[in-house]
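Numbering (my numbering), first residue to last: 4 to 707.
Structure, as structure tokens:
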């Protein structure tokens with residue numbers, strides 16, 4: 004037997020009352036008046052202690068009544084095994100989200116995470132809706148809510164545990180913000196079957212190391228639902244961590260000798276117990292090939308290490324950091340960064356030495372970098388064009404009218420994936436532009452300019468202006484245009500205006516042509532037309548035009564895990580390319596595939612082409628090396644509604660209390676106890692009434 008309100012059982016102490024009253028000392032209370040006391044012998048009054056209980060039956064009845072009343076107020080009930088149907092239990096919708104990023108490879112974090120995941124799954128009741136997600140740089144459902152609903156409730160947890168057991172950490176980054184958004188979307192996408200289901204508690208159980216390298220930017224514009232709780236189950240490793248990462252430019256030149264070298268960064272996390280490290284070169288088999296370089300890095304700081312390039316080697320090689328407790332981020336791969344040779348074709352009549360012409364500024368806008376060399380080739384408008392493939396000729400700039408045959412070749416070039424920039428420098432009949440657009444020629448007129456005009460509307464979401472979209476770069480008010488030509492967009496079908504002047508006239512118009520595009524500029528960058536060439540934004544705009552080959556950038560040599568890699572275009576072949584992965588395997592691509600996306604681990608990859616092997620490196624995301632714990636308040640600042648861990652125990656206690664109250668309410672034993680107590684009191688009253696009343700001492704004396 005149990006009691007719903009056991010403190011009322013303290014009323015049993017009242018049983019001692021009748022017993023104590025029977026044991027209290029009693030003094031003689033009878034008085035007999037005498038006329039004289041001279042014949043009496045004085046004696047002290049005799050005190051008596053009740054050492055035995057009279058009327059034992061009455062005492063037992065009274066004690067029994069008090070006992071029954073105390074038990075009745077304590078609300079007793081008999082415990083029973085809970086026989087609850089699934090439909091009678093409050094259902095919950097739980098999404099277990101497991102972090103599988105590269106930082107989970109540290110120490111024993113992954114076994115701890117799997118244990119927490121199994122505990123979270125075991126905490127779910129059979130009636131609960133359960134889903135399982137894993138995430139690194141992207142989230143993926145392991146067991147979705149619709150799939151979970153098709154499973155038998157008795158097997159659901161076993162299936163989820165089996166999926167967790169097969170799960171392993173990857174080499175990807177930590178897109179925590181997007182993973183939480185995807186989990187919330189999965190919870191809200193499930194259709195509730197009734198109004199009761201609409202009030203179903205919803206919870207996301209996040210199992211992660213919650214490191215500072217987690218990316219939360221996606222939560223910035225997301226409104227967290229008020230009925231979704233985020234339960235954090237974090238795993239931690241007390242060991243220190245240092246990392247090796249590449250700088251913006253991998254190679255540089257010695258001022259004295261002109262030999263190329265390499266600069267890398269070594270970072271040590273705050274709270275680290277180690278300060279001394281070594282950087283050493285290793286070959287493809289992991290064998291050290293040179294003398295280690297000692298590096299002293301205090302906790303919480305970074306140091307730049309310069310390594311001279313070894314003689315006789317074409318590739319920078321692979322570097323390794325020694326002295327760190329966690330080796331997952333201690334290897335840096337680098338492939339030989341081939342310098343790309345690009346050509347920009349300019350069709351016009353300008354003199355390259357004329358500072359008032361367009362060509363003068365065009366030859367000075369493209370700067371050579373360690374990754375790219377740009378050559379400006381000029382052609383007269385009357386000269387017959389010979390156009391290379393867009394891979395080697397990414398941009399053609401047209402600044403004057405050309406022949407019909409050249410216009411036909413330019414349109415074919417654009418259809419193959421090239422970019423043509425047509426700068427309308429004079430008003431008149433636009434025959435070349437009409438041929439490029441495949442429309443009838445029309446007359447272009449000068450734009451109406453009072454004194455000057457500025458750009459008033461710009462499409463910053465377009466790749467041409469995306470590099471200037473930030474607040475510190477998107478101010479174009481200092482660029483004045485003195486002249487421009489009015490472009491009639493009605494003549495161009497399906498065109499997009501990328502920029503307009505403040506009076507509403509189009510300034511830059513884009514028209515798709517096959518795989519490439521035609522961009523029309525209504526004004527030139529020469530000083531007589533505008534101040535565009537004297538603005539720093541002119542360099543970025545021309546660089547963006549140069550990178551628009553076939554809609555994707557040229558192949559680079561160094562990437563991060565899960566970055567798509569642009570494959571080289573092989574003309575005249577129907578076969579796909581073969582990519583060798585760091586693990587020794589090969590991946591055959593289908594013909595015409597533009598990107599290789601199976602960069603799922605760090606290392607050196609090799610693309611087999613008819614022209615020879617091309618190598619590229621894939622490295623770990625540097626953010627994964629920031630393993631210091633993330634402040635939980637950061638998630639609250641993004642609007643996440645964190646679950647109170649003490650609420651779980653409170654909920655269990657409340658559920659147990661409600662179950663006990665339900666049992667007590669059904670049994671109602673207190674009613675029978677009170678009825679029994681009333682019956683006992685009636686019997687006790689009847690017996691007490693039949694007892695003879697005690698006679699006083701005076702009455703006894705008078706009777707004698």
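Here a beta-carbon is modelled for each residue, glycine too, at the ideal position from N, C-alpha and C.
Taking just the CA atoms, how far does residue 188 sit from residue 110?
33 angstroms
Among the residues of its own chain, which have a CB less than 8 angstroms from the CB of residue 199, if the five just before and after it don't count?
Note that residue 199 scores a pLDDT of 46, beneath 50, so its modelled location is shaky and nothing firm can be said.
What separation, rounded to the nearest whole angstrom, lies between the Cα atoms of residue 137 and residue 471?
35 angstroms
May I have the straight-line CA-CA distance separating residue 343 from residue 378, to the nearest angstrom?
11 angstroms
What three-state label does DSSP hand residue 298 in the structure shown?
strand
Can you list, in chain order, the residues of its chain with a C-beta nearer than 8 angstroms to that of residue 185? Leave out the 5 residues immediately preceding and following it.
136, 138 and 142
Endpoints, the alpha helix (DSSP H) within which residue 709 is located
Outside the displayed span of the chain (4 to 707) sits residue 709, for which this structure offers no information.
Between which two residues does the alpha helix (DSSP H) containing residue 291 stretch?
Taken as a continuous stretch (DSSP letters only), residue 291 belongs to no alpha helix (DSSP H), as it is neither H nor E.
Please confirm whether residue 333 and residue 300 have their CB atoms less than 8 angstroms apart.
no
Counting C-beta neighbours from all protein chains within 10 Å, is the total for residue 152 16 or more, i.e. buried, or is it exposed?
exposed
Quick check on residue 502: does DSSP put it in helix, strand or coil?
strand
Contact defined as beta carbons within less than 8 angstroms: I believe residue 303 pairs with residue 273. What is the distance between those atoms, to the nearest angstrom?
4 angstroms
Could you have a look at residue 82 and say whether DSSP puts it in helix, strand or coil?
coil
Under DSSP, the beta strand (DSSP E) around residue 380 begins and ends at which residues?
375-382
Report yes if the CB atom of residue 248 is closer than 8 angstroms to the CB atom of residue 613, and no otherwise.
no
Please state whether the Cβ-Cβ distance between residue 174 and residue 567 is less than 8 angstroms.
no
Of the choices 505, 584, 569 and 588, whose alpha-carbon is the least far from that of residue 598?
569
For the beta strand (DSSP E) holding residue 509, just list the boundary residues, first then last.
Taken as a continuous stretch (DSSP letters only), the beta strand (DSSP E) holding residue 509 covers 509-516.
Nearest-angstrom Cα separation, counted from residue 491 out to residue 444:
12 angstroms
Spell out a yes or no on whether the segment 662-669 and the segment 71-82 are touching, meaning 3 or more CB-CB pairs, one atom from each, closer than 8 angstroms.
Contact between the segment 662-669 and the segment 71-82 is established, with three or more Cβ pairs separated by less than 8 angstroms.
Could you have a look at residue 194 and say whether DSSP puts it in helix, strand or coil?
coil
Ignoring anything shorter than 4 residues or poking outside the segment 417-459, list the alpha helix (DSSP H) runs there in chain order.
Assignment of alpha helix (DSSP H) within the segment 417-459, counting only whole runs of 4 or more residues, yields 434-440 in chain order.
In terms of residue numbering, what span does the alpha helix (DSSP H) encompassing residue 539 cover?
539-549
Nearest to residue 180 by CA position, among 595, 415 and 639, is which residue?
639
First through last residue of the alpha helix (DSSP H) which encompasses residue 74
Per DSSP, residue 74 belongs to the alpha helix (DSSP H) from 59-76.
Give me whichever residues DSSP pairs with residue 325 in a beta bridge.
Partner(s): 281.
Straight-line gap, residue 395 to residue 615 (C-alpha atoms, nearest Å):
Their Cα atoms are separated by approximately 17 angstroms.
Roughly how many whole angstroms lie between the Cα atoms of residue 596 and residue 279?
46 angstroms
Can you pull the DSSP bridge partners for residue 236?
210
Give me the Cα-Cα distance between residue 234 and residue 212, rounded to the nearest whole angstrom.
Distance between the alpha carbons of residue 234 and residue 212 is about 13 angstroms.
When the Cα atoms are used, what is the spatial distance from residue 162 to residue 322?
Computed Cα separation, rounded: 42 angstroms.
Rounded to the nearest angstrom, how far is the Cβ of residue 414 from that of residue 439, given a contact under 8 angstroms?
5 angstroms
Just the C-alpha distance for residue 371 and residue 98, rounded to the nearest angstrom, thanks.
52 angstroms
Determine the DSSP secondary structure at residue 565, reduced to helix, strand or coil.
Coil, per DSSP.
Nonlocal neighbours in the same chain, by C-beta distance under 8 angstroms from residue 147, ignoring five residues either side
Closer than 8 angstroms at Cβ, skipping near neighbours: 134 and 189.
Quick check on residue 248: does DSSP put it in helix, strand or coil?
strand
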